[in-house]
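Asks: I have a structure I would like to understand better, so I am pasting it below and will then ask my questions one at a time.
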Amino acid sequence: MEENNNVAAPVDGDAAADIIDSSEVLSFSIGETIYGIEVIYVKDIITIEQITVVPKIPDHIKGVINIRGRVVPVISVRKRFGIEEIPYDDRTCIIVLEFDDGNQVGIIVDRVQEVISVDASDISNTPDSKNVNANRYIKSLINLESGIRLLIDCYKLINDDGSGV
């Protein structure tokens, strides 16, 4: 998963070439919807484990876990998206993301699906309509034969203050 194949061609006319930073995407599900996250951000995938609750933190942050001696905050993607939370089961996972600055954050997802290869021609912008793209955490759409995947903007998912701007 450490290979980094940058997509070099622009997509959908005036869209920037940096709409996706990697040609491989890890797909996962929240309920019936399948999302994707660029493999370059994926540090680890672990089973759900004991999360230490930290008082007075935002609702979507479930707490922290210890991964090989490192304290990592954990975010509920369901809560972040405003989707009702469900009990964890044996397929619930934490995807540990690592950013350029070395910071790590875990995101709780219902199911990890697979790693898919994505061509620039498969990628399109999210619709401009607020009704269609009310989820500001979606970076772009990946249109595959097996269906559309919603590519998550990792930085917004982790850093957004909830103001919607």
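Residue numbers (our numbering): 29 to 193.
Note that CB positions come from ideal geometry on N, CA and C, so glycine has one too.
Taking just the CA atoms, how far does GLU113 sit from VAL143?
Replies: Stepping through the sequence shown from its first residue, residue 143 is reached at position 115. Stepping through the sequence shown from its first residue, residue 113 is reached at position 85. So the two alpha carbons sit approximately 25 Å from each other.
Asks: Give every residue of the same chain whose Cβ lies closer than 7 Å to the Cβ of ASN131, excluding the five residues on either side of it in the sequence, and list them in chain order.
Replies: Within the sequence shown, numbered from 1, the residue matching residue 131 stands at position 103. If we look at ASN131 and ignore the five residues flanking it on each side, it has no Cβ neighbours.
Asks: Alpha carbon to alpha carbon, what distance is there between THR61 and ILE68?
Replies: As a position in the sequence shown, residue 68 is number 40, starting the count at 1. As a position in the sequence shown, residue 61 is number 33, starting the count at 1. Rounded to the nearest angstrom, the two C-alpha atoms are 22 Å apart.
Asks: Could you check the C-alpha separation between PHE56 and GLY97 for me, to the nearest Å?
Replies: Against the sequence shown, residue 56 aligns to sequence position 28. Against the sequence shown, residue 97 aligns to sequence position 69. The straight-line gap from Cα to Cα measures roughly 26 Å.
Asks: I'd like the span of the beta strand (DSSP E) that includes ILE123, first residue to last.
Replies: Within the sequence shown, the letter at position 95 stands for residue 123. It spans 121-126 - the beta strand (DSSP E) in which ILE123 sits, taken as one unbroken run.
Asks: Can you give the Cα-Cα distance for TYR116 and ILE74, rounded to whole angstroms?
Replies: Residue 116 sits at position 88 when you count from the first residue of the sequence shown. Residue 74 sits at position 46 when you count from the first residue of the sequence shown. For TYR116 and ILE74, the distance between alpha carbons rounds to 13 Å.
Asks: Identify whether SER149 lies in helix, strand or coil by the three-state DSSP scheme.
Replies: Taking the first residue of the sequence shown as 1, we reach residue 149 at position 121. Three-state DSSP puts SER149 in a helix.
Asks: Tell me the residue span of the alpha helix (DSSP H) that contains LYS107.
Replies: For the purposes of this step, residue 107 is taken as residue 79 along the sequence shown, with counting starting at 1. It spans 105-108 - the alpha helix (DSSP H) in which LYS107 sits, taken as one unbroken run.
Asks: Quick one: residues in its chain with C-beta nearer than 7 Å to the C-beta of GLY91, no 5 flanking neighbours on either side, listed in chain order?
Replies: Taking the sequence shown and counting its residues from 1, the one referred to as residue 91 is at position 63. ILE79, THR80, VAL81, VAL82, VAL102, listed in sequence order.
Asks: Counting Cβ pairs, one atom from each stretch, are 3 or more of them under 8 Å apart for the segment 148-155 and the segment 167-180?
Replies: The segment 148-155 is in contact with the segment 167-180.
Asks: As a quick exercise: from ASP138, LEU125, VAL100, ASP129, pick the residue whose alpha carbon is nearest that of ILE111.
Replies: Residue 111 sits at position 83 when you count from the first residue of the sequence shown. Selected option, being the one with the closest Cα: ASP138.
Asks: Are the CB atoms of ILE65 and ILE180 nearer to each other than 8 Å?
Replies: Taking the sequence shown and counting its residues from 1, one reaches residue 65 at position 37. Taking the sequence shown and counting its residues from 1, one reaches residue 180 at position 152. Yes; because the gap between Cβ atoms is below 8 Å, this pair is in contact.
Asks: For LYS90, name the three-state secondary structure that DSSP assigns.
Replies: Position 62 of the sequence shown holds residue 90. Note: LYS90 maps to strand in three-state DSSP.
Asks: Could you check if SER51 is buried or exposed, using at least 16 other CB atoms within 10 Å of its CB as the buried criterion?
Replies: Counting from one through the sequence shown, the residue named residue 51 turns up at place 23. Its Cβ being crowded by 16 or more others within 10 Å, SER51 is buried.
Asks: Using CA coordinates, which residue listed in ASP118, LYS184, SER104, ALA148 is at the minimum distance from ILE85?
Replies: Position 57 of the sequence shown, counted from the first residue, corresponds to residue 85. Measuring from the Cα of ILE85, the nearest candidate turns out to be SER104.
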